[in-house]
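The structure appears right after this line, and notes come after that.
2 protein chains.
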Amino acid sequence: MNPKIDQYDQKILQLLQEDARMSHAELGRQVHLSQPAVSERIKRLEASNIIRGYRADINPKALGYEITAMIRVSTQQGRPYAQYVASCPEIIDCYTVTGEDGAVMRVLASDVEHLQRIINELNAFGSTSTAIVLTTHVSGKAIAVPSLNENKD
Amino acid sequence: MNPKIDQYDQKILQLLQEDARMSHAELGRQVHLSQPAVSERIKRLEASNIIRGYRADINPKALGYEITAMIRVSTQQGRPYAQYVASCPEIIDCYTVTGEDGAVMRVLASDVEHLQRIINELNAFGSTSTAIVLTTHVSGKAIAVPSLNENKD
DNA sequence: GTTGAAACAGAAGTGCT
DNA sequence: AGCACTTCTGTTTCAAC
Numbered sequence: 001m002n003p004k005i006d007q008y009d010q011k012i013l014q015l016l017q018e019d020a021r022m023s024h025a026e027l028g029r030q031v032h033l034s035q036p037a038v039s040e041r042i043k044r045l046e047a048s049n050i051i052r053g054y055r056a057d058i059n060p061k062a063l064g065y066e067i068t069a070m071i072r073v074s075t076q077q078g079r080p081y082a083q084y085v086a087s088c089p090e091i092i093d094c095y096t097v098t099g100e101d102g103a104v105m106r107v108l109a110s111d112v113e114h115l116q117r118i119i120n121e122l123n124a125f126g127s128t129s130t131a132i133v134l135t136t137h138v139s140g141k142a143i144a145v146p147s148l149n150e151n152k153d
Numbered sequence: 001m002n003p004k005i006d007q008y009d010q011k012i013l014q015l016l017q018e019d020a021r022m023s024h025a026e027l028g029r030q031v032h033l034s035q036p037a038v039s040e041r042i043k044r045l046e047a048s049n050i051i052r053g054y055r056a057d058i059n060p061k062a063l064g065y066e067i068t069a070m071i072r073v074s075t076q077q078g079r080p081y082a083q084y085v086a087s088c089p090e091i092i093d094c095y096t097v098t099g100e101d102g103a104v105m106r107v108l109a110s111d112v113e114h115l116q117r118i119i120n121e122l123n124a125f126g127s128t129s130t131a132i133v134l135t136t137h138v139s140g141k142a143i144a145v146p147s148l149n150e151n152k153d
C-alpha cells in the first residue's frame, strides 16, 4: 500500500509509539542509522501523515476518573450529536458504526452520579446502552505495518 | 482528588496531549513559567504516574488499514482471550465490560477478508457481534482535569 | 517560585560519498 | 539513499536570589 515504508521506518514507528520523546540520535542507535537519516525519515513520515502527531498518555484514574464506560447510542435521525460529542470533555472516543447502535462512545466519569449526568444528556440523541469497563486489557496498542506483517513468509 | 494539580499542571497536561514533543522551554512560554519550573512539574507528573508516557499518533489508513471495526464478544467462561488479544496486532483496544457482552474490542483490518479472519479467530472465545466504523468523530480526546472543570463556578 | 551560567544532549543544516 | 561535521537549540544541574 505504501511502498516507501521499509523496515527502518517500521522500527522507527514502533519505537515512537512506545516513547514519542525518544531523541532522533537514540532512535538512530536502535535502528542502526545516523541521526540525520532518522530525522529525514521522521520528517517524511510526518509529511505523508503517517505520523499524525505526538500525544502524552495521561492516566485517567490518577486525575480522578474512577469510571470508564462504553455507551452505545441508537441515534435517531436529525439529532446532531457530533457537536455535543466534540464539546463534552468526558467523551474521549466516539465512532459512528453500522448496525442498530448508531454510535459507540468511550466515556470517563468521576463517579456514578457523574456518569448518570452524561447518560442523561446523551439520551437526548437516542436510547443509550451503558457498559461499565471492568478491565482495560489494551488501550491504544501500537499499530504495526500490515504489509510487513503479512509478507514475512 | 489530587490536590497538587493546579492550573499550571492542567495547562501543561493539555499542551502535552496536543504535542508531546513540545520542548519544556516552549511549554514555559505558553504557561508563563520558567523552563526549569516546567521541567520540575513534568518530572513530578511522570513520577506520580499522571503522565504514563508519550506515544506517536499513527494514522491507520495511511498504513493500509482500510477498515476499523468494533467487535463485541460474548465471552464464555474458561476461555482466556486476554492472551490472544495481547498477541493479536490488529486488536488495538480491548475492554472487559459489564453486561451480556463480556468484551469490547477495536480492531484494524486491511480489507474485509482480513476482518473476517480476525472474527473467525475471536469466535473461539464466544459469539461475536461486529460493527464497522463509518466515522471516527473523536479518538483519544485530550483528558481534562475533572476537579478544575467542575469548580469553575 | 525566579534568573543566569556551565556542561551536556539533541535537532537541523551543509557538504560529501 | 547514507554519513560526518558544524551550529543552534534545548535540557539539566547548579548557584544565588
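Which chain is which? The protein sequence lines are U and P, in order. Numbering follows full-length UniProt numbering, with no gaps: position 141 of the first sequence is 141. Numbering follows full-length UniProt numbering, with no gaps: position 1 of the second sequence is 1. The beta carbon of each residue, even a glycine, is placed where N, CA and C say it ideally should be.
Asked	Found
In whole angstroms, what separates the C-alpha of Val133 (chain P) from that of Arg72 (chain U)?	13 angstroms
Alpha carbon to alpha carbon, how far is Leu16 (chain U) from His24 (chain P)? Give it in angstroms, no decimals.	19 angstroms
Any contact of the region 135 to 142 of chain P with the region 88 to 98 of chain U, i.e. 3+ C-beta pairs under 8 angstroms?	yes
Can you list, in chain order, the residues of the region 1 to 32 of chain P whose Cβ is nearer than 7 angstroms to any Cβ on chain U?	Met1, Asn2, Leu13, Leu16, Gln17, Asp19, Ala20, Arg21
Out of U:Ala62, U:Gln14, U:Ser39, U:Arg52, point me to the one whose CA is closest to Glu18 (chain P)'s CA.	U:Arg52
For Asp153 (chain U), does the count of other Cβ atoms within 10 angstroms reach 16, so buried, or fall short, so exposed?	With a pLDDT of only 36 at Asp153 (chain U), under 50, the local geometry of the prediction cannot be trusted, and no value is derived from it.
If you run the structure through DSSP and keep just helix, strand and coil, what is Val145 (chain U)?	coil
Nearest-angstrom Cα distance between Arg106 (chain U) and Ile67 (chain U)?	11 angstroms
Cα-Cα, which of P:Arg21, P:Ala109, P:Leu122 is closest to Ser147 (chain U)?	P:Ala109
Would you identify the three-state DSSP class for Arg106 (chain U), choosing helix, strand or coil?	strand
Between Gly78 (chain P) and chain U, is there a C-beta pair that is closer than 8 angstroms?	no
With Ala37 (chain U) as the anchor, note down where its alpha helix (DSSP H) starts and where it stops.	35 to 47
Would you list, in chain order, the members of the region 113 to 127 of chain U that have their beta-carbon closer than 7 angstroms to a beta-carbon of chain P?	none
Go to Arg52 (chain U), then tell me how far its beta strand (DSSP E) extends in each direction, as first and last residue.	51 to 58
State buried or exposed for Arg117 (chain U), treating a residue as buried only when at least 16 other CB atoms are found within 10 Å of its CB.	exposed
Does Arg117 (chain P) come out as helix, strand or coil in the three-state DSSP assignment?	helix
Buried or exposed: Gly99 (chain P), going by 16 or more other Cβ atoms within 10 Å of its Cβ?	exposed
Cβ of Ser139 (chain U) less than 8 angstroms from any chain P Cβ?	yes
Check the Cβ-Cβ distances between Ala56 (chain P) and every residue of chain U, and say whether any is below 8 angstroms.	yes
Tell me whether Ala69 (chain P) sits in a helix, a strand or coil according to DSSP, three-state version.	strand
Could you give the distance in angstroms between the alpha-carbon of Ala82 (chain U) and the alpha-carbon of Ala124 (chain U)?	13 angstroms
So, Ala69 (chain U) versus Leu115 (chain U), is the Cβ gap smaller than 8 angstroms?	yes
Would DSSP call Ala62 (chain U) helix, strand or coil?	helix
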